[in-house]
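J.: I am attaching a structure below and will ask some questions about it afterwards.
Number of protein chains: 2
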Amino acid sequence: MHPLLEAIAQRSSLNSFDPQARLDDSTIHELIGWASRAPSAFNLQNWRFIAVRSDAAKQRLRQLAWDQPKVSEAAVTFILCGVLPDTDQLPARLQPSVEAGFMPANMPSSWQQAAKQLYADSPRARRDEAIRSATLAAATLMQAGQALGLGACPMTGFDAPAVATHFGLGTDEIPVMLVAMGRAAPGNWPQKPRRPLQQILELA
Amino acid sequence: MHPLLEAIAQRSSLNSFDPQARLDDSTIHELIGWASRAPSAFNLQNWRFIAVRSDAAKQRLRQLAWDQPKVSEAAVTFILCGVLPDTDQLPARLQPSVEAGFMPANMPSSWQQAAKQLYADSPRARRDEAIRSATLAAATLMQAGQALGLGACPMTGFDAPAVATHFGLGTDEIPVMLVAMGRAAPGNWPQKPRRPLQQILELA
């Protein structure tokens, strides 16, 4: 089986992590470097990552996440923040693509116009985009973790306003997901069975 | 390099697809089978996929997506729908895990209570969850596509209400993303440069 398919087949959301395992900061840097290569609309890269890896910070986050043990037992629990799109920042985000020689010099400003059209006067469109971007980054983070022999559990059961306050998120930042990551302990479940294809797929 | 990291490094959002390439329905079935193995909160699997692969349907979708040629030139453009969580359906979604022998029989109802707590009285929490689930499925779909030698472009620039109407989405379904997928034509850009790590990562 192709390794990319094998990874999908073997992935499951961990509940039990080896609480002794740690990730050093250089590994965290490497993981977030990979996560940041996820796609985002207009290459806005509207995300920020908080790697919660000290005992004190993990305990505090665990309290804000229904006291779920995996938050503190995982080596690191990442807070994936989506950022509300700010189209004023788009030219700077795209300038490296111009400098790399493949993007025409006038394209950042035309993309900026398109982005303004998409997000202007629509707080919901901006929030949706923040959630999509952070979620795509979460998926890429978990894929990179698998490559490093690490398991993960994406979590949405937490007190989002309290997490935003305690961890100092900006007013334009949304805590979209927690991703607990570390070494699997024994006793995790296999991947759960899925709905049959005929319930979820339509051909047009 | 580990194949999972190589896939992250080599992925880029395609703009040019081979317009002659097609995907047969069995390949579409296979791709969506893999996509459905993405994680979702409580294993709700709150997603639905419309594979737009006929010429007429692709042309119509393209008109609703800023007339972007890749929508019709890709072999298939998938509409990734997120479904607003319906906690009444959760026991049925988890029953196969009970029958498989690893989930205790009383757990679906306790998860249902937790899910009700998370989503009750919060239309925004339900919408956010629909967007997260469909986006995780989109990431897994693109990973499976890479395994099959296919490139992709995730897209959020489309008229969501019009897509929902034209393709008959239910009132609980949100068109979260389009994913154009097919064989790459020559001339696509490389992956765009990313922001430096110090702008996006905080250690706690």
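Chains as they are written, first to last, in the numbering used here: chain A, 3 to 206; chain B, 3 to 206.
We put the beta carbon where it would ideally sit given N, CA and C, even for glycine.
1. Just how far apart, CA to CA, sit G170/B and V85/A?
2. Closest Cβ-Cβ distance between T142/B and chain A: below 8 Å?
3. Based on DSSP bridge pairs, tell me the residues matched to F80/B.
4. Is the shortest distance between the beta-carbon of P71/A and the beta-carbons of chain B less than 8 Å?
5. Using 8 Å for Cβ pairs, my map puts I133/B next to R134/A. What's the rounded Cβ distance?
6. Give the residues of chain A in contact with G153/B, contact being defined as C-beta atoms less than 8 Å apart.
7. Put F44/B into one of helix, strand or coil per three-state DSSP.
8. Should the segment 44-51 of chain B be regarded as contacting the segment 149-158 of chain B, the criterion being three or more beta carbon pairs within less than 8 Å?
9. So with CB distances below 8 Å, who are the chain A contacts of Q47/B?
10. Checking the sheet assignment: what are the DSSP bridge partners for E175/B?
11. Here's a check: name, in chain order, each residue in its chain whose Cβ is nearer than 6 Å to the Cβ of D20/A, leaving out the five neighbours to either side.
12. Classify S135/B as helix, strand or coil using the three-state DSSP reduction.
13. Could you say if the segment 35-44 of chain B and the segment 57-66 of chain B meet the contact criterion of at least three C-beta pairs nearer than 8 Å?
14. Hey, how far is the Cα of P125/A from the Cα of R129/B?
15. Work out the CA separation of W113/A and W36/B for me, nearest whole Å.
16. Determine which residues of the segment 27-42 of chain B have a Cβ less than 8 Å from any Cβ of chain A, and write them out in chain order.
17. Looking at chain B, is there any beta carbon in it that lies within less than 8 Å of the beta carbon of G189/A?
18. What residues are listed by DSSP as bridge partners for A186/B?
19. Between V181/B and chain A, is there a C-beta pair that is closer than 8 Å?
20. Rounded to a whole number of angstroms, what is the C-alpha to C-alpha distance between L82/A and A164/B?
21. Helix, strand or coil: which one does DSSP assign to A213/B?
22. Could you check whether the Cβ of F19/A sits closer than 8 Å to any Cβ belonging to chain C?
23. Could you name the residues of the segment 154-177 of chain B whose beta carbon sits closer than 7 Å to any beta carbon of chain A, in the order they occur along the chain?
24. Return the bridge partner residues of Q156/B from the DSSP annotation.
25. Under 7 Å between beta-carbons, which chain B residues line up against Q193/A? List them in chain order, please.
26. Step through the CB atoms of chain B and report whether any lies within less than 8 Å of the CB of D130/A.
27. Hey, does R50/B have any beta-carbon neighbour from chain A nearer than 8 Å?
28. Would S28/A be called buried (16 or more neighbouring beta carbons within 10 Å of its own) or exposed?
29. For A53/A, return the contacting residues in chain B, with the cut-off set at a CB-CB distance below 8 Å.
30. Excluding the 5 residues flanking D174/B on each side, which residues of the same chain have their C-beta closer than 6 Å to its C-beta?
31. So which of Q145/B, Q12/B and L33/B has the shortest CA-CA distance to E204/A?
32. According to DSSP, is L205/B part of a helix, a strand, or is it coil?
33. Under the three-state reduction of DSSP, which class applies to W113/A: helix, strand or coil?
34. Which same chain residues, not among the five before or five after G189/A, have their C-beta less than 6 Å away from its C-beta?
35. One question on the structure: do A136/A and M179/A come within less than 8 Å of each other, judged by their Cβ atoms?
36. Using three-state DSSP, classify K60/B as helix, strand or coil.
T.: From the atom records:
1. On the second sequence, residue 170/B is found 168 positions in, with the first residue counted as 1. On the first sequence, residue 85/A is found 83 positions in, with the first residue counted as 1. When rounded, the distance between both Cα atoms is 31 Å.
2. Your numbering for residue 142/B matches position 140 in the second sequence. Taking Cβ atoms only, chain A reaches closer than 8 Å to T142/B, which makes this a yes.
3. Numbered from 1 along the second sequence, position 78 holds the residue referred to as residue 80/B. Answer is A53/B and V181/B, bridged to F80/B.
4. The residue given as residue 71/A occupies position 69 in the first sequence. Judged by the 8 Å Cβ criterion, P71/A is not in contact with chain B.
5. The residue you call residue 133/B lines up with position 131 of the second sequence. The residue you call residue 134/A lines up with position 132 of the first sequence. Confirmed, about 6 Å.
6. The residue you call residue 153/B lines up with position 151 of the second sequence. Correct list: empty, because the minimum Cβ distance to chain A is about 12 Å.
7. Stepping through the second sequence from its first residue, residue 44/B is reached at position 42. Here F44/B sits in helix by DSSP.
8. no
9. On the second sequence, residue 47/B is found 45 positions in, with the first residue counted as 1. Ordered by position in chain A, the residues that pass the 8 Å Cβ test against Q47/B are R196, R197 and I202.
10. In the second sequence, residue 175/B corresponds to position 173, counting from 1. In DSSP, E175/B forms a bridge with V85/B.
11. Here residue 20/A refers to the residue found at position 18 of the first sequence. R185 and A187, listed in sequence order.
12. Within the second sequence, the letter at position 133 stands for residue 135/B. S135/B falls in the helix class under three-state DSSP.
13. no
14. Along the first sequence, one-based indexing puts residue 125/A at 123. Along the second sequence, one-based indexing puts residue 129/B at 127. Each residue's Cα considered, the two are about 14 Å apart.
15. Against the second sequence, residue 36/B aligns to sequence position 34. Against the first sequence, residue 113/A aligns to sequence position 111. If you take the alpha carbons of W36/B and W113/A, they lie about 33 Å apart.
16. D27, I30, H31, I34, G35, W36, S38, R39, A40 and P41
17. The residue labelled residue 189/A in the question sits at position 187 within the first sequence. By this cut-off, G189/A is not an interface position.
18. In the second sequence, the residue the question calls residue 186/B occupies position 184. According to DSSP, A186/B bridges with F19/B.
19. On the second sequence, position 179 is the one that residue 181/B refers to. Cβ-Cβ to chain A under 8 Å: no for V181/B.
20. Residue mapping note: residue 82/A aligns to position 80 of the first sequence, counting from 1. Residue mapping note: residue 164/B aligns to position 162 of the second sequence, counting from 1. If I take the Cα positions, the gap works out to 31 Å.
21. Residue 213/B falls outside the range modelled here, since chain B spans only 3 to 206, and no answer is possible.
22. The structure shown contains no chain C; its protein chains are A and B.
23. P156, T158, G159 and F169
24. If you number the second sequence from 1, residue 156/B lands on position 154. The amino acid at residue 156/B is misidentified as Gln; the sequence shows Pro. In the DSSP output, where bridge partners are listed per residue, P156/B has V181/B.
25. Residue mapping note: residue 193/A aligns to position 191 of the first sequence, counting from 1. Residues of chain B passing the Cβ test: R39.
26. Within the first sequence, the letter at position 128 stands for residue 130/A. Judged by the 8 Å Cβ criterion, D130/A is in contact with chain B.
27. For this step, residue 50/B is matched to residue 48 along the second sequence. By this cut-off, R50/B is an interface position.
28. Indexing the first sequence from 1 puts residue 28/A at position 26. With fewer than 16 other Cβ atoms within 10 Å, it is exposed.
29. For this step, residue 53/A is matched to residue 51 along the first sequence. The contacting residues are L203, E204, L205 and A206.
30. Reading the second sequence from its first residue, position 172 is the one you call residue 174/B. The answer, listed in chain order, is V85 and L86.
31. Within the first sequence, numbered from 1, the residue matching residue 204/A stands at position 202. Of the listed residues, the one whose Cα sits closest to E204/A is L33/B.
32. Here the question's residue 205/B lines up with position 203 in the second sequence. Strand at L205/B.
33. Against the first sequence, residue 113/A aligns to sequence position 111. Note: W113/A maps to helix in three-state DSSP.
34. As a first step, residue 189/A is located in the first sequence; it is residue number 187 there, counting from the start. Once the five neighbours on either side are set aside, the close Cβ partners of G189/A are S18.
35. To locate residue 136/A, count along the first sequence from 1; it is residue 134. To locate residue 179/A, count along the first sequence from 1; it is residue 177. Yes.
36. What you label residue 60/B is simply residue 58 of the second sequence in a count that begins at 1. Of the three classes helix, strand and coil, the one that applies to K60/B here is helix, per DSSP.
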